[in-house]
Amino acid sequence: MADIIQLLPDHVANQIAAGEVVQRPASVVKELLENAIDAGANTIKLIIKDAGKTLVQVIDDGKGMSTTDARLSFERHATSKIKSADDLFQLNTKGFRGEALASIAAIAHVELKTKQETDDVGNTIQIEGSKVVTQEIVVTPKGTSVAVKNLFFNIPARRNFLKSDAVELRHIMDEFHRVALAHPSINFLFYNNGSETFNLPVSNFRQRIVNIFGSKTNEKLVPVNEDTEVLKISGFVGKPEFAKKTRGEQYFFVNNRFIKSAYLNHAIASAFEGLLKNGTHASYFLNLDVDPQTIDINIHPTKTEIKFDDEHTLYAILRSAVKHSLGQFNIAPVLDFDRDPNLDTSYTQQKINIKAPEIEVDRSFNPFKNEPIKTESKSSFSGRQTTSFKPTPNNWDSLYVGVASKEINNNNETLVDFSEVQFESEEQTASMFDNNEVEQANTTYQIHNKYIVSTIKSGMLVIDQYRAHQRVLYEDFLKNLTIKEATSQQLLFPLQLHFSKQDVEIISQLKEDLEFTGFLFSEITKETVEITGVPVGVPESEVSIILEQLISDVENEVPDSNFSAADLLAKSMAKSLAIKTGQALKKDEQEHLVNKLFACKEPNVSPANKTTFITMSVDELDKKFI
Numbered sequence: 001m002a003d004i005i006q007l008l009p010d011h012v013a014n015q016i017a018a019g020e021v022v023q024r025p026a027s028v029v030k031e032l033l034e035n036a037i038d039a040g041a042n043t044i045k046l047i048i049k050d051a052g053k054t055l056v057q058v059i060d061d062g063k064g065m066s067t068t069d070a071r072l073s074f075e076r077h078a079t080s081k082i083k084s085a086d087d088l089f090q091l092n093t094k095g096f097r098g099e100a101l102a103s104i105a106a107i108a109h110v111e112l113k114t115k116q117e118t119d120d121v122g123n124t125i126q127i128e129g130s131k132v133v134t135q136e137i138v139v140t141p142k143g144t145s146v147a148v149k150n151l152f153f154n155i156p157a158r159r160n161f162l163k164s165d166a167v168e169l170r171h172i173m174d175e176f177h178r179v180a181l182a183h184p185s186i187n188f189l190f191y192n193n194g195s196e197t198f199n200l201p202v203s204n205f206r207q208r209i210v211n212i213f214g215s216k217t218n219e220k221l222v223p224v225n226e227d228t229e230v231l232k233i234s235g236f237v238g239k240p241e242f243a244k245k246t247r248g249e250q251y252f253f254v255n256n257r258f259i260k261s262a263y264l265n266h267a268i269a270s271a272f273e274g275l276l277k278n279g280t281h282a283s284y285f286l287n288l289d290v291d292p293q294t295i296d297i298n299i300h301p302t303k304t305e306i307k308f309d310d311e312h313t314l315y316a317i318l319r320s321a322v323k324h325s326l327g328q329f330n331i332a333p334v335l336d337f338d339r340d341p342n343l344d345t346s347y348t349q350q351k352i353n354i355k356a357p358e359i360e361v362d363r364s365f366n367p368f369k370n371e372p373i374k375t376e377s378k379s380s381f382s383g384r385q386t387t388s389f390k391p392t393p394n395n396w397d398s399l400y401v402g403v404a405s406k407e408i409n410n411n412n413e414t415l416v417d418f419s420e421v422q423f424e425s426e427e428q429t430a431s432m433f434d435n436n437e438v439e440q441a442n443t444t445y446q447i448h449n450k451y452i453v454s455t456i457k458s459g460m461l462v463i464d465q466y467r468a469h470q471r472v473l474y475e476d477f478l479k480n481l482t483i484k485e486a487t488s489q490q491l492l493f494p495l496q497l498h499f500s501k502q503d504v505e506i507i508s509q510l511k512e513d514l515e516f517t518g519f520l521f522s523e524i525t526k527e528t529v530e531i532t533g534v535p536v537g538v539p540e541s542e543v544s545i546i547l548e549q550l551i552s553d554v555e556n557e558v559p560d561s562n563f564s565a566a567d568l569l570a571k572s573m574a575k576s577l578a579i580k581t582g583q584a585l586k587k588d589e590q591e592h593l594v595n596k597l598f599a600c601k602e603p604n605v606s607p608a609n610k611t612t613f614i615t616m617s618v619d620e621l622d623k624k625f626i
């Protein structure tokens, strides 16, 4: 019988490996940025075109590579980071597997330019699908430039699985944030389709967070510092009042490497227990320094999962450190019944010398004099002159001019008769029918403030009020977006909201559609959004929650062939504004919701394709009592 096992060609093996290492353009960004950091770069530029599908280029001013190293770097399992298996437990670099460049070169057109500081000229290599096209000498500055073009050009199926440009760009920004936050001592620049998105100068960790997520972030941060023999913690957590419904601003860095750990995340959630609203998540930016020998990074090709030797100890230290910081900065409540918080002196007022207020008194003032007295005094607080006049008793009768006198007392003084003075009565509204003549039939009932029960000819109808209202609002918003007409209510004062740069960019993309639903924008800057009008029925306090939910839905949306921004916007706003479970409804509100639901085109399901109501016939009820 013939042999059936054979070695795969190198280009096929590289494409298989690329399936683990390169999942989307963001994976290429991560690998190239980490290589630039390992090269000792001080400035790193990231250039993106068409969400990375057309171009991903990383330029650094690191130490560069020689001619031999440049060619060898694209071979599988070729690396300068480790030399033996023991080095896996003493890693101080980002990469170590030697698979990234080989995997990227197998599925894209790659152009590499590199030059060492001691060399006069550099080298350039062009590779297309693992095949070296050219290798030449070129004039280039010190460092390395890697340009990845036409990603997945030879694997069209993988390219078709990529999401929309907005979703892919969001993943790229996430990877850029993770690397930039871990290395505040490096200058990062990010260019998207020719425009500068980020320019992050060398700074400390707090300034790097503020430069990425906006100036408003500075007031939200609470410092966390703890130094033990096992673990050293430094960084910041967000104040509970600024907690978000999404987990976007949650970052763990172990030895300057971003990781994901549900176990350590639970330690943070436990420290915030009792301080957060239901459904919200605290923000944190924490650096964990541990002994490299106590962790194992070689678990997954993406290197975002780490195994710790003693996770329980790390959990306890992390939880206590966060709780201590929240208590130290008066974020967490203190159970001290003898303490009066009104007597506490704030940090800003502790170093200020307190002086007794100076008061000047006008001793010539006499309130019992008949003639008007004009006094001028200078206030020690405002420095302005004040003038006061005292009316004479002879002027009080002028208040009754025009009122007819009806009585004269014994002293010949006029008295006013108020018996004929007319006052406005309360508004009386007549009813078309007397309450005794018409009795309104109770056709709807609410159960547990969640379901609405209505009677029909064949039995009864049970409606989920949250899903039903979602369907009603969804079709209303979709109609407004389609015909581009919506009613807006003007705000008395403009509402100014603060978002991060990437969130403002999403709002800018959806601005036109949002205006069709009733929102009115007066100004959109890099970090702020000013709103002058909102859709009718939307409370001002809910605007920020609606926009945050919308941003989250846009980030997590998985577009299909029928994807449209209008549909996503209508779903998101309907989900935010729908009547929540637990809200009590009056009779007329219940009936109005039922009537509006069955006036919809698709009353059977919610926008998320979930059942909105069920029916139960009399026969089915009879069977329950057999």
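Counting in UniProt numbering, the sequence shown runs from 1 upward without gaps. Yeah, the Cβ is synthetic: ideal placement off N, Cα and C, and Gly gets one too. Quick caveat: nothing in here was measured; it's all calculated off a predicted structure.
- Here the alpha carbon of Ala-41 sits roughly 13 Å from the alpha carbon of Leu-189.
- Measuring C-alpha to C-alpha distances from Ala-106 to each of Val-536, Asn-150, Gln-135 and Lys-323 identifies Asn-150 as the nearest.
- By alpha-carbon distance to Leu-221, the top candidate from Leu-473, Val-210, Glu-229 and Leu-231 is Val-210.
- Within the DSSP bridge table, the entry for Ile-295 names Phe-308 as partners.
- DSSP, read as helix, strand or coil, puts Asn-449 in coil.
- Nearest Cα to Thr-118 within the set Ala-102, Thr-140 and Ala-108: Thr-140.
- Each residue's CA atom was taken as its position, placing Lys-501 and Ile-37 some 24 Å apart.
- Taking C-beta atoms under 8 Å as the contact rule, Val-148 and Val-28 qualify, at a distance of about 5 Å.
- Bridge pairing for Asp-619: absent [DSSP].
- Distance between Tyr-445 and Phe-493, taken at the CA atoms: about 40 Å.
- In terms of Cα proximity to Thr-528, the closest of His-183, Lys-511, Gly-214 and His-177 is Gly-214.
- In this structure the segment 461 to 475 touches the segment 580 to 600; the number of beta carbon pairs closer than 8 Å is three or more.
- Per DSSP, reduced to three states, the secondary structure at Phe-236 is strand.
- Distances from the CA of Asn-604 to each of Ala-269, Val-462, Val-322 and Phe-365 were compared; the closest alpha carbon is that of Val-462.
- Taking every protein chain shown into account, the CB of Asn-480 has 16 or more other CB atoms within 10 angstroms, so this residue is buried.
- Selection Thr-280, Leu-491 and Thr-611 evaluated against Phe-521 yields Leu-491 as nearest (Cα-Cα).
- Within the same chain, Cβ atoms closer than 6 Å to the Cβ of Asp-296 are found at Lys-307, the five residues on either side in sequence being excluded.
- Considered as a whole, the segment 189 to 217 harbours 205 to 213 as its complete alpha helix (DSSP H) runs of no fewer than 4 residues, in chain order.
- The C-beta separation of Tyr-251 from Leu-181 comes to about 6 Å, placing the pair in contact by the 8 Å criterion.
- In the DSSP assignment, His-183 falls outside any alpha helix (DSSP H) and carries neither an H nor an E.
- Here Ile-44 is near Val-58, since their CB atoms are less than 8 Å apart.
- The secondary-structure analysis by DSSP pairs Thr-444 across a beta bridge with Ser-454.
- Spanning the alpha carbons of Glu-219 and Glu-512 requires a straight line of approximately 32 Å.
- Inter-segment contact for the segment 111 to 130 and the segment 69 to 76 is present: three or more beta-carbon pairs are separated by less than 8 Å.
- Around the beta-carbon of Pro-607, 16 or more other beta-carbon atoms lie within 10 Å, marking it buried.
- Taken through DSSP and simplified to helix, strand or coil, Asp-513 comes out as helix.
- If you look at Thr-228, you'll find it isn't in any alpha helix (DSSP H); DSSP assigns it neither H nor E.
- In the structure shown, the three-state DSSP call for Gly-64 is coil.
- Distance from Ile-233 to Leu-288 at the Cβ level is roughly 6 Å; contact confirmed, criterion being Cβ atoms closer than 8 Å.
- For Asp-622, the number of other beta carbons within 10 angstroms of its own is below 16, and it is reported as exposed.
- Distance from Arg-76 to Ala-102 at the Cβ level is roughly 5 Å; contact confirmed, criterion being Cβ atoms closer than 8 Å.
- Here Glu-34 is buried. Its C-beta has 16 or more other C-beta atoms within 10 Å.
- Within the segment 85 to 156, the complete alpha helix (DSSP H) segments of 4 residues or longer fall at 100 to 106, listed in chain order.
- Beta-carbon to beta-carbon, Val-472 and Leu-597 are separated by about 6 Å, close enough to satisfy the 8 Å threshold.
- With distances taken between CA atoms, Asn-160 lies nearest to Arg-24 out of Arg-24, Pro-240 and Glu-175.
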